[in-house]
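First the structure, in the form of structure tokens, and then the observations on it.
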Amino acid sequence: MPTFILSNNGPECIADLFTETRKALCIRRKLTAAYHA
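If you're matching positions, the sequence shown starts at 8 in the working numbering and goes up one per residue.
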């Protein structure tokens, strides 16, 4: 089981279901910088 998930704060990673599941499994979220070309 992972202890954290790397995310760029995209909408799929902040959805309610994802957030509730992540918290229930005690998985932390670490944010990365957004890529700008």
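Quick reminder that beta carbons are idealized off the backbone N, C-alpha and C, glycines included.
Original post:
Expressed to the nearest angstrom, what Euclidean distance is found between the alpha-carbon atoms of Lys64 and Pro18?
Top reply: Residue 64 lies beyond the range of the chain shown here (8 to 44); nothing can be said about it.
**OP:** Starting from the C-beta of Ile34, find all residues in its chain whose C-beta is less than 7 Å away, skip the five residues before and the five after it, and write them out in chain order.
**Re:** Excluding the 5 residues flanking it on each side, Ile34 has same chain C-beta neighbours closer than 7 Å at Pro9, Thr10, Phe11 and Ile12, in chain order.
Subject >> Own chain residues within Cβ distance below 6 Å of Asn15, not counting five before or after >> reply: The beta carbon of Asn15 lies closer than 6 Å to those of Thr39 and Ala41 in the same chain, with the five residues before and after it left out.
Subject >> Rounded straight-line distance, which links the Cα of Glu27 to that of Arg36 >> reply: Their Cα atoms are separated by approximately 12 Å.
Original post:
Leu24 by DSSP, collapsed to three states: which one?
Top reply: Collapsing the DSSP output to three states places Leu24 in a helix.
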